[in-house]
Every structure is written in C-alpha cells, then in structure tokens.
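Undergrad: Quick note, this note's numbering runs 123 ahead of the 1-based positions in the sequence shown.
Here it is, the structure in full.
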Amino acid sequence: MTLPFYTIIWTLSSHALQLKLENNYASRQLRMGDRVDNLEKKLDQDTFNENERKILAYLYSHGQITGKLASEIIEMSNATARKLLRGLVYKNVLSWHGNSKRDPKQYYTIKL
C-alpha cells in the first residue's frame with residue numbers, strides 16, 4: 124500500500140522551498156506513545172494503564188475528550204470511562220471543564 128504524500132511549495136521572491144510530507148500512521152502512533160511516556164516522567168507517575176494511555180494519546184492529538192467519547196475509545200461503559208477520567212483528574216493529569224456533574228457539555232483536557 125502506497126502512503127499518500129503532501130507537497131507544500133512556499134515561494135519568496137526568487138527562491139522557492141518545496142516540502143514533501145509523508146502521511147505515516149506508524150510514526151504518528153510512536154510519537155503519541157513517546158508523549159505519554161514523557162508525561163509519566165514529568166508527573167513522576169509509576170505508569171498509566173492501557174486505557175489511560177489510549178485516552179491520553181487521543182487527547183494529545185485532539186485536545187479534549189468527553190466521557191462518552193472516552194467510553195468508545197476504551198470500549199467500556201460510560202461509568203467506567205468517567206471513573207477513569209476522574210482518576211486522571213485526581214492524579215493532576217487532566218483538567219475537568221463543566222458547570223456541574225450533569226453538564227452535557229463537560230469535557231477534559233490535559234493539564235500540562
């Protein structure tokens with residue numbers, strides 16, 4: 124399977140710069156894993172479990188997450204996902220944004 128390439132051409136006066144970017148899924152996944160590893164070191168955490176790592180990898184690429192979306196990512200119930208997210212808030216990894224527990228627009232972001 125051939126991976127798509129994206130070409131960007133930037134011109135300034137008589138000079139041109141061409142940049143060819145490869146859409147490499149495997150490299151992106153490795154970088155996400157590295158970011159989660161670095162977060163563990165910064166926070167002096169032992170390790171994040173597999174579901175926490177999935178959520179953090181999603182947050183690094185998308186910026187925010189809801190409880191419902193987290194449950195879809197980890198393939199568990201909404202209650203389990205919310206419990207996991209609250210645990211990450213307690214560990215000072217995530218910030219919760221919302222007006223109340225029942226706020227339909229509540230979401231979580233990475234604190235650091």
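Just so it is clear, CB atoms sit at the ideal spot from N, CA and C, and this is done for glycine as well.
(1) So Gly190 and Thr232 are in contact, right, with Cβ under 8 angstroms, and what is the actual spacing, rounded?
(2) For Thr189, report the span of its beta strand (DSSP E) as first-last.
(3) Considering Cα atoms alone, identify which of Ser184, Pro227, Thr170 and Ile178 is closest to Leu92.
(4) So, are the CB atoms of Ile197 and Asn215 less than 7 angstroms apart?
(5) Does the beta-carbon of Ala202 have 16 or more other beta-carbons within 10 angstroms, so that it is buried, or is it exposed?
(6) Taking only three categories from DSSP, how would you classify Ser137?
(7) Find out if the Cβ-Cβ distance for the pair Ser194, Ala180 is shorter than 7 angstroms.
TA: From the atom records:
(1) As a first step, residue 190 is located in the sequence shown; it is residue number 67 there, counting from the start. As a first step, residue 232 is located in the sequence shown; it is residue number 109 there, counting from the start. Gly190 to Thr232, Cβ: 13 angstroms. No contact.
(2) Position 66 of the sequence shown, counted from the start, is the residue given in the question as residue 189. Premise fails: Thr189 is in no beta strand (DSSP E) and is neither H nor E.
(3) This structure does not reach residue 92, given that the chain is present from 124 up to 235, and the question cannot be answered.
(4) Here the question's residue 197 lines up with position 74 in the sequence shown. Here the question's residue 215 lines up with position 92 in the sequence shown. In this structure, Asn215 does not lie closer than 7 angstroms to Ile197 by Cβ.
(5) Within the sequence shown, numbered from 1, the residue matching residue 202 stands at position 79. Burial call: exposed.
(6) Position 14 of the sequence shown, counted from the first residue, corresponds to residue 137. Ser137 carries a coil assignment under DSSP once its states are collapsed to helix, strand and coil.
(7) Residue numbering aside, residue 194 sits at position 71 when the sequence shown is read from its first letter. Residue numbering aside, residue 180 sits at position 57 when the sequence shown is read from its first letter. Taking 7 angstroms as the Cβ cut-off, Ser194 and Ala180 do not qualify as a contacting pair.
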